[in-house]
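Position one of the sequence shown corresponds to residue 23 (my numbering), numbered consecutively onward.
Yeah, the Cβ is synthetic: ideal placement off N, Cα and C, and Gly gets one too.
From a predicted model like this one, the values you see are computed outputs, not experimental measurements.
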Amino acid sequence: MKKNKITSITISVFIVLLVSFSLYVYEELTNNNSIFSYYETFGGDRKEIKILANSEIDDVIHLLNKNGELHCLPCFNALAYKKGYTKNIISGTIILEGRYSINSLINSLKVRKRDVGNLQIPENIRLIEDMIILIEDSIGYKRGELKSYLDTSNFLIANNWTMETLPAFFIPNTYELYTDVSVEEFLNKMNEEYKKIWNTERERKCDSLGITKIDVSILASIAEEEQDKRLDERSKIAGLYLNRLKNPNHFPYLQADPTVKFANKDFGIKQVLNKHLKIDNPYNTYKYKGLPPGPICIPSIQAIDAVLNAEKHDYYFMCAGSNGDGYHEFTSTNRDHNKKKRKFKKFQGFK
């Protein structure tokens with residue numbers, strides 16, 4: 023009986039000592055101020071440690087020692103094994119700076135730095151297919167990866183887009199993106215940027231025009247294609263097309279020449295002729311009423327603002343100016359418009 027009692031006391035003492043030792047070890051492994059088990063980069067400086075794919079724990083230890091001092095290697099190995107790090111070493115660039123407990127060091131090794139690159143979305147790209155290829159090549163997606171996601175996911179439907187209206191979604195700018203950004207992450211990023219552009223002030227102006235944001239982008243793309251030299255004239259051009267839209271009895275068709283070029287997929291057309299007007303395509307605004315199904319290019323922010331701040335006037339017609347300064351001449355009647363056209367043809371040397 024006495025022997026059993028001594029045995030029980032011995033076991034209890036052993037358990038207490040074991041628990042105490044475990045707590046001490048835990049404290050040592052998690053305490054940044056431990057003097058026995060810690061890691062510190064040389065000089066406490068910021069270090070970028072590049073861990074290669076298929077690296078093993080010894081490779082990581084070599085890199086750690088190359089960039090700092092690892093105290094209590096057995097502690098590191100034991101905790102790395104317990105936390106499953108030895109079987110799940112993450113490749114990539116790891117950022118370390120200063121002093122770490124063994125526990126926080128291993129946690130930091132599991133957080134990979136994502137490399138950052140720039141994506142430039144230029145204005146005036148006409149075909150959405152070209153825009154998609156540019157994005158795929160710039161980010162490093164496989165050809166067709168972005169297009170496939172748009173076709174098979176619910177992104178377009180969920181966000182009220184179509185492939186025709188999608189050019190309005192991409193706002194021309196230079197964006198900083200992770201080089202390994204997924205298609206979903208990329209589209210979410212673009213969605214955030216789109217919402218930033220369409221702030222309260224721009225939405226207020228859009229509402230005052232009585233048209234949608236997509237309509238604004240479509241008109242902006244037309245104004246941009248009409249005038250790529252004298253940007254200050256775009257607001258006057260936007261005012262002209264708004265006049266036509268608001269007066270369907272007087273002007274049932276928008277009759278925007280750039281839409282005819284788009285419908286024909288011939289952007290080298292210098293002068294729109296009757297043969298070009300015959301094409302049966304919803305982008306042909308000489309044959310189909312209202313606005314085309316979507317923008318005819320990626321409209322710039324400047325062109326969007328030109329529509330939102332469209333000039334108020336009574337012009338319905340315009341033709342190239344006859345003095346060669348790059349501006350158009352605007353008129354309110356077809357009669358005056360024909361006079362301006364004859365004047366321009368004379369200036370150009372046409373009969």
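query, result
"What are the start and end residues of each continuous beta strand (DSSP E) run of 3 or more residues lying completely inside the segment 116-186, in chain order?", "121-123, 138-143"
"Looking at the unbroken beta strand (DSSP E) that takes in Ile378, where does it start and where does it end?", "The shown model of the chain, from 23 to 373, leaves out residue 378, and the question about it has no answer."
"Which residue comes first and which comes last in the alpha helix (DSSP H) that contains Glu215?", "205-219"
"Count the CB pairs spanning the segment 253-272 and the segment 109-122 that are closer than 8 angstroms, and state whether there are at least three.", "no"
"Under the three-state reduction of DSSP, which class applies to Leu92: helix, strand or coil?", "strand"
"By DSSP, does Lys258 sit in helix, in strand, or in coil?", "helix"
"What are the residues that DSSP puts in a beta bridge with Thr353?", "Phe339"
"Would you kindly report the start and end of the unbroken beta strand (DSSP E) that includes Glu333?", "It is not in any beta strand (DSSP E) - Glu333 carries neither H nor E in the DSSP assignment."
"If we call anything under 8 angstroms between Cβ atoms a contact, is Tyr107 one with Lys132?", "yes"
"Assign Asn265 to buried or exposed, taking buried as 16 or more other Cβ atoms, counted over all protein chains shown, within 10 Å of its Cβ.", "buried"
"Quick one: grab the DSSP three-state call for Gly346.", "coil"
"Consult DSSP for Glu78 and reduce its assignment to one of helix, strand or coil.", "coil"
"What did DSSP end up calling Thr108 once you bin it into helix, strand or coil?", "helix"
"Between the alpha carbons of Lys88 and Gln249, how many angstroms are there, rounded?", "60 angstroms"
"Within this structure, are the beta carbons of Gly316 and Thr187 separated by less than 8 angstroms?", "yes"
"So the candidates are Glu198, Leu141, Tyr200, Asn181; which of them puts its Cα closest to the Cα of Phe191?", "Asn181"
"Straight-line CA distance for Met212 to Asn195?", "11 angstroms"
"Report yes if the CB atom of Tyr308 is closer than 8 angstroms to the CB atom of Tyr338, and no otherwise.", "no"
"On the criterion of 16 or more Cβ atoms from any shown chain inside 10 Å, does Ile219 qualify as buried, or is it exposed?", "exposed"
"Is the Cβ-Cβ distance between Ile73 and Ser123 less than 8 angstroms?", "no"
"Just how far apart, CA to CA, sit Tyr103 and Glu78?", "12 angstroms"
"According to DSSP, Asn195 sits in a beta bridge with which residue or residues?", "Ile143"
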